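These notes are about the structure you will find just below.
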Amino acid sequence: MRIVLMGPPGAGKGTQARRLAESTGMKHLSTGDMLRAEVAAGTELGLLAKSFMDKGDYVPDSHIIAMIEQLVDDPAGILLDGFPRTIVQAEALDEALEKVGLPIDKVVHMSVDTDELVLRLSNRAICKKCQTPYNLISNAPSKDGVCDNCGSEVIVRDDDKPEAVKNRMKVYEELTAPVLNYYRQRGNVAEIVATGTPDSVFEKLSQAIELTQSAG
Ligand code: AMP
Numbered sequence: 019m020r021i022v023l024m025g026p027p028g029a030g031k032g033t034q035a036r037r038l039a040e041s042t043g044m045k046h047l048s049t050g051d052m053l054r055a056e057v058a059a060g061t062e063l064g065l066l067a068k069s070f071m072d073k074g075d076y077v078p079d080s081h082i083i084a085m086i087e088q089l090v091d092d093p094a095g096i097l098l099d100g101f102p103r104t105i106v107q108a109e110a111l112d113e114a115l116e117k118v119g120l121p122i123d124k125v126v127h128m129s130v131d132t133d134e135l136v137l138r139l140s141n142r143a144i145c146k147k148c149q150t151p152y153n154l155i156s157n158a159p160s161k162d163g164v165c166d167n168c169g170s171e172v173i174v175r176d177d178d179k180p181e182a183v184k185n186r187m188k189v190y191e192e193l194t195a196p197v198l199n200y201y202r203q204r205g206n207v208a209e210i211v212a213t214g215t216p217d218s219v220f221e222k223l224s225q226a227i228e229l230t231q232s233a234g
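In this text, residue positions in the sequence shown follow the working numbering: the first is 19, and each later residue adds one.
Shown next, in the form of structure tokens:
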């Protein structure tokens, strides 16, 4: 199965994708996680990406496409989180999947009110190492600044700071909302309202992709 998770920053794509990957065995492909790993490793791509990410801008398409196009035919199935974010990326994904004769089974659009998104992002923190997400109000780590999962440092992402958040919302509307329309024209978009508890969102997501099928 090949699933694309779409939604604005803060919609909970990463949280839900991790959970879905765990329960189905599908490969979770998060371009944001991949870029953060490059930044942490101090690679050339990481240095370049950081200059865009810190401001809430998108990293140029060519770098993102090169990072992901070899991974789309994973036999376990793929769960795309944060990709494609532009029409150019969506077309590149189509091309890569066409080459291996595999379709996108479902695009799931996770929608959340803008006010709630801003609130979520301003309280969001993340483990520097394993990327476990936290909400500093409703789901803080048991020990301040320390990840419950792996014991590494929990930080606020530079791009979750207010100026960058504002820009990320704007960039999403300008560049990523058209991608949603691109898929809507094909009729394979499932809409879910991604508010409520993570469990209830997971339930909606599982229904949207008809999880009774085999994942591969
Ligand atoms: P995310 O963790 O998905 O919110 O991504 C964090 C940041 O990484 C984004 O704000 C962008 O700067 C960059 N990024 C992640 N995925 C992409 C993508 N598909 N295209 C361009 N930039 C991306």
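The beta carbon of each residue, even a glycine, is placed where N, CA and C say it ideally should be. For clarity, every value in this text was computed on a predicted model and none was experimentally measured.
Between P27 and M187, the CB-CB gap stays under 8 Å. Taking V189 as the centre and dropping the five residues before and after it, the same chain places the C-beta of G74, D75 and Y76 closer than 7 Å to its C-beta, in chain order.
In this structure, D177 is the residue among I122, V125 and D177 with its C-alpha nearest to the C-alpha of N141. Distances taken from the Cβ of T61 to the heavy atoms of the ligand AMP include none shorter than 7 Å. Distance from V183 to L139 at the Cβ level is roughly 5 Å; contact confirmed, criterion being Cβ atoms closer than 8 Å. Look at the beta carbons and you see the region 115 to 134 touching the region 194 to 209: at least three pairs across the two are nearer than 8 Å. At least one heavy atom of the ligand AMP is found less than 7 Å from the C-beta of V77.
Taking N206 as the centre and dropping the five residues before and after it, the same chain places the C-beta of I122, K124 and V125 closer than 7 Å to its C-beta, in chain order. Only exposed fits G119, as fewer than 16 other CB atoms lie within 10 angstroms of its CB.
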